[in-house]
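*Asks:* In the numbering used here, the protein residues as written are 731 to 1148. From the three backbone atoms N, C-alpha and C, an ideal C-beta is built for every residue, glycine too.
(1) Taking only runs that begin and end inside the region 908-937, name each unbroken beta strand (DSSP E) of 3 or more residues, in chain order.
(2) Buried or exposed: residue 734, going by 16 or more other Cβ atoms within 10 Å of its Cβ?
(3) Which term fits residue 1013, buried or exposed, when burial requires 16 or more other beta carbons within 10 angstroms of its beta carbon?
(4) Here's a check: name, in chain order, each residue in its chain whose Cβ is nearer than 8 Å to the Cβ of residue 961, leaving out the five neighbours to either side.
(5) Can you give me the Cβ contacts of residue 947 inside the same chain, cut-off strictly under 6 Å, excluding the 5 residues immediately before and after it?
(6) Nearest to residue 952 by CA position, among 1110, 1138, 787, is which residue?
(7) How far does the beta strand (DSSP E) with residue 891 in it extend, from its first residue to its last?
(8) Along the beta strand (DSSP E) that carries residue 994, what are the first and last residues, could you check?
(9) Note down the Cα distance separating residue 1117 from residue 740, rounded to an integer number of angstroms.
(10) Under 8 Å by Cβ, that's how I've got residue 992 and residue 1003 pegged, so tell me the actual separation to the nearest angstrom.
(11) Any contact of the region 815-830 with the region 848-867, i.e. 3+ C-beta pairs under 8 Å?
(12) In or out: residue 743 buried (at least 16 other Cβ within 10 Å) or exposed?
(13) Take every Cβ of the region 1048-1056, pair it with every Cβ of the region 917-935, and state whether three or more of those distances are shorter than 8 Å.
(14) On the three-pair Cβ rule with 8 Å, is the region 868-877 touching the region 904-918?
(15) If you count every other CB in all the chains shown that lies within 10 Å of the CB of residue 815, and 16 or more means buried, which is it?
(16) Using 8 Å as the Cβ pair cut-off and three pairs as the minimum, do the region 1022-1038 and the region 833-844 touch?
(17) For residue 995, which residues from the same chain have a beta carbon less than 6 Å from its beta carbon, with the 5 sequence-adjacent residues on both sides left out?
(18) Is it right to say residue 801 is buried, meaning 16 or more other beta carbons lie within 10 angstroms of its own, or is it exposed?
(19) Provide the residue span of the alpha helix (DSSP H) that contains residue 1123, from first to last.
(20) Are residue 1082 and residue 1037 close, meaning C-beta to C-beta below 8 Å?
(21) Given that a residue counts as buried once 16 or more other Cβ atoms are within 10 Å of its Cβ, and exposed if not, what is residue 765?
(22) In whole angstroms, what separates the C-alpha of residue 898 from that of residue 908?
(23) Counting only the same chain and skipping the five closest in sequence on each side, list residues whose C-beta sits under 6 Å from that of residue 776.
(24) Going by C-alpha distance, which of 1022, 1098, 767, 1043 is nearest residue 745?
(25) If contacts are defined as beta-carbon pairs under 8 Å, then residue 1064 and residue 1090 qualify, I think. What distance do you get, rounded to the angstrom?
(26) Measuring only the C-alpha atoms, how far is residue 786 from residue 943?
(27) Taking the beta strand (DSSP E) that residue 796 falls in, what are its first and last residues?
(28) Rounded to the nearest angstrom, what separates residue 1149 and residue 921 at their Cα positions?
(29) Taking C-beta to C-beta, are residue 1005 and residue 1046 nearer than 8 Å?
(30) Given a threshold of 16 other Cβ atoms within 10 Å of its Cβ, counted over all protein chains shown, does residue 1015 qualify as buried or as exposed?
(31) Quick one: Cα of residue 1173 to Cα of residue 877, how far?
(32) Is the beta carbon of residue 822 less than 8 Å from the beta carbon of residue 971?
(33) Quick check on DSSP: helix, strand or coil for residue 871?
(34) Tell me the DSSP secondary structure of residue 750 in three-state form.
(35) Output the distance between the C-alpha atoms of residue 1062 and residue 1018, rounded to the nearest integer angstrom.
This is the structure in structure tokens:
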């Protein structure tokens, strides 16, 4: 299988970004992983086994849906959506973890660890571990544990140990740090299932490779369903794996690629997660790689914020940092308020409930579609579904009936425990 070769010059670097910045004790483990990954990429049967696993277990290929009602309402471009929310476990994360599960078998490791923010990667990893028979430990910031309780429930019931990280801001970056510490201690029998296209080489390339199945499917489906390729493709960008996945289907085409980051409280608020759309990020080295980070002048990481836990991260995929510098991918930001409005619009007009992360891509597409011609086409990657966000969405929409229900359940639990 051929995918776009992003690296230029030194292996593991994309322009000046990427690399391996890890303690010496982890070098042998990373080299072992790299050798195994290279063998998997060179083995056509590995990719065939991977595709067959996703088809038979996760439900791929996921369809593309034409949003006729929303397109008509906005009065501009025709809007299509790649439905990776229909994957088993509810997001694109299952693509990566199943691929790394097969790779983990080749490595002969018996335990897996993972970080998670929105919980979808943790949910997917726990699912994979149950299927493959691995011991599983998930690190999750205590703030994210609280706001993503449904996914925590499923992870634990799938047999994973969920560890709430109390350090730092208690969100995704802190969970990544704890995973790295665990890996150093247990690298002989443990594989780190990193959830996005960040971290030290080969993780950015490896995760992007597994997620490329989204773009490969989408390109073929658009040609068949719409008769041509889209003019623009939109995807949300936290670490960047879902966007890397769908964009790879269109890298060599005359298609504009747009990533939508977590704008939080907006430009100038310093309470956001926009590394490339705003000007607050600078180039640095952290968590094993070099990219744009939201950091201060001393290189210490700033606080981040997004209504979507999966976008609430300090850094960005080093491949995207390079593509941004080259002008090959455009980055925008969607604020929390805009996300709530776009979610309500999408639910009411199309009956779709995208995850809060994916809704960021909808925000940018909804803004831009009316400025385009009715004969133009845009494609949005709906990378996850909103089931996991029910508490956050209910709060955001100030749903009185939901609050009453939760209050009643809380009273019931208190009564039962007294």
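*Replies:* Taking the geometry as given:
(1) 920-922
(2) In this prediction, residue 734 has a pLDDT of 42, which is less than 50 and means its spatial position is unreliable; what the coordinates show is noted afterwards. Residue 734 comes out exposed.
(3) exposed
(4) 807, 985, 986, 1102, 1106, 1107, 1108
(5) 791
(6) 1110
(7) 891-895
(8) 986-994
(9) 42 Å
(10) 4 Å
(11) yes
(12) buried
(13) yes
(14) yes
(15) buried
(16) no
(17) 1001
(18) buried
(19) 1120-1126
(20) no
(21) exposed
(22) 11 Å
(23) 770
(24) 1022
(25) 4 Å
(26) 15 Å
(27) 794-796
(28) One cannot answer for residue 1149 here, as it falls past the ends of the chain, which runs 731 to 1148.
(29) yes
(30) exposed
(31) An answer regarding residue 1173 cannot be provided, because it is not within the stretch 731 to 1148 covered by the chain.
(32) yes
(33) strand
(34) coil
(35) 26 Å
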